[in-house]
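A.B. asks: Heads up, the sequence shown is in the working numbering, so the first residue is 635 and it goes up one at a time. The beta carbon of each residue, even a glycine, is placed where N, CA and C say it ideally should be. From a predicted model like this one, the values you see are computed outputs, not experimental measurements. Take a look at this one; I'll ask things after.
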Amino acid sequence: MPQPMTAKPDLNSAPKAHERLPLWSLVFPLLGILAVAVSLYTMGTLGATGAAVILIGAVLAAVHHAEVVAHRVGEPFGTLVLAVAVTVIEVSLIVSLMLAPGGDTTALARDTVFAAIMIILNGIVGLCLLAGGLHHGEQRFTLRGVSATLCVLTAMVVLSLVLPNYVSSAPGPTYAPSQLVFVAVVSLILYATFVMVQTVRHRDYFLPADDEAAKDAHAPPPSNRMAWMAFGALLVALVGVVLLAKGLSSIVETAVVDAGLPLAVVGIVIAALVLAPESLAAYRAARRDRLQTSLNLALGSALATIGLTIPAVAVVSLLLDLPLAMGIGPKGITLLVLSLFTITLSLGTGRTTILGGVVHLVIFAAYLFTTVIP
């Protein structure tokens, strides 16, 4: 007897399992926006604790969505997405701090930018080198791309945070208006040139090595629909992270003052919260033996922090006639020079081990210790 014909299932009628975003990665960004809308962090200790938990979930969700987008668009565009997205929202946070009434907001803006640089150069890079070395021994990356990034980063950092201490047109560690405009324009030019080199003219300098690319090739890329959904969820998650961090910053500032700690600690906490998505994404990439992706994330975010934050802060300062302290002190200059010199050496061969990671983490610990106990 002929067998009854059965309809073949439509494989395109529903998204495949690997093409669905996890439910938790969509819930936490929405919870973050909701927590901000109801000011959950103002509802006593329980509310602040709940806001902190939601903040952590939003950070994890942002990392997941950034990895989905990065896998779809490929390197180095993928890491650029997260770096620019986080930095744009970081600019908004710093500007809002500058406009907040009361407190030494100009110093806090400078301290936040400097803290972000130190966290990236020593905290994130050190953790990635250590994690990658522990799991995979010696790791390799494309030296030309890292060298180009460090070259641009060194020029931008010195012009923005060191040179203001030695100009004489304005009193204190500040730039005169014309000098501030010049540094802002130069920072934008350097960053725009770097992005063009990274994505167009010399893209191969920033691509993963053959073995790293082979690992990525085994996983099928997500669909366009899933990538756009992840990108939208990433933006929502990042907005929630920064706004929750801003809401919790007053609680942190009160705790810092009550503990008798310097206000610069607040800048460190804010920078750490804002950089949490990139930090976790870079760490996970290093553990998976994708050091090139990890360094693209870390160093690219450092460039974006200077190249986008300084011009934005400068514009706000000039338009609203707000004083802006740019130069860091002798202790900060010493740690900054040590960090730039050490990272040039540790990433100067195209190969890394746990030794570089330990050295950078020690420098980061010295930065934290001397900030708490000046």
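1. How is the alpha helix (DSSP H) around residue 769 delimited, first residue to last?
2. Is the distance from the Cβ of residue 976 to the Cβ of residue 992 below 8 Å?
3. Out of 995, 948, 999, which has the shortest C-alpha to C-alpha gap to residue 812?
4. Under 8 Å by Cβ, that's how I've got residue 920 and residue 804 pegged, so tell me the actual separation to the nearest angstrom.
5. Please name the residue or residues paired with residue 774 in a DSSP beta bridge.
6. Looking only at C-alpha atoms, which of 904, 692, 783, 951 sits nearest to residue 808?
7. Is residue 699 helix, strand or coil by DSSP?
8. In its own chain, which residues sit with a C-beta less than 8 Å from the C-beta of residue 852, not counting the 5 before and 5 after it?
9. I'd like the list of long-range same chain contacts for residue 916, defined as Cβ closer than 7 Å, with 5 residues on each side in sequence excluded.
10. Which runs of the alpha helix (DSSP H), 4 residues or longer, sit entirely within the segment 944-985?
11. Residue 826: buried (16+ other C-beta within 10 angstroms of its C-beta) or exposed?
12. Given 8 Å as the limit, is there contact between the segment 680-692 and the segment 863-882, that is, 3 or more CB pairs closer than that?
13. What do you reckon, is the C-beta of residue 928 under 7 Å from a heavy atom of the ligand NAP?
14. Would residue 772 be called buried (16 or more neighbouring beta carbons within 10 Å of its own) or exposed?
15. Pick from 742, 996, 918, 776: whose alpha carbon is nearest that of residue 982?
16. Going along the chain, which residues of its own chain have a beta-carbon closer than 8 Å to the beta-carbon of residue 1006, five neighbours each way excluded?
17. Using alpha carbons as the reference points, say which of 789, 694, 756, 672 lies closest to residue 990.
C.D. replies: In short:
1. 759-770
2. In this structure, residue 992 does not lie closer than 8 Å to residue 976 by Cβ.
3. Out of 995, 948, 999, 948 has the C-alpha closest to the C-alpha of residue 812.
4. No, residue 920 and residue 804 are not in contact; Cβ-Cβ is about 42 Å, not under 8 Å.
5. 985
6. 951
7. helix
8. In this prediction, residue 852 has a pLDDT of 48, which is less than 50 and means its spatial position is unreliable; what the coordinates show is noted afterwards. Same-chain partners within the cutoff: there are none.
9. 758, 762, 928, 931, 932
10. Note on the segment 944-985: whole alpha helix (DSSP H) runs with a minimum of 4 residues are 964-980, in chain order.
11. Exposure of residue 826 is indicated by the presence of fewer than 16 other C-beta atoms within 10 angstroms of its C-beta.
12. yes
13. The model on display carries no ligand, and the ligand NAP is accordingly not part of it.
14. exposed
15. 776
16. Excluding sequence neighbours, residue 1006 sits near 895, 896, 899.
17. It is 756 whose Cα lies nearest to the Cα of residue 990.
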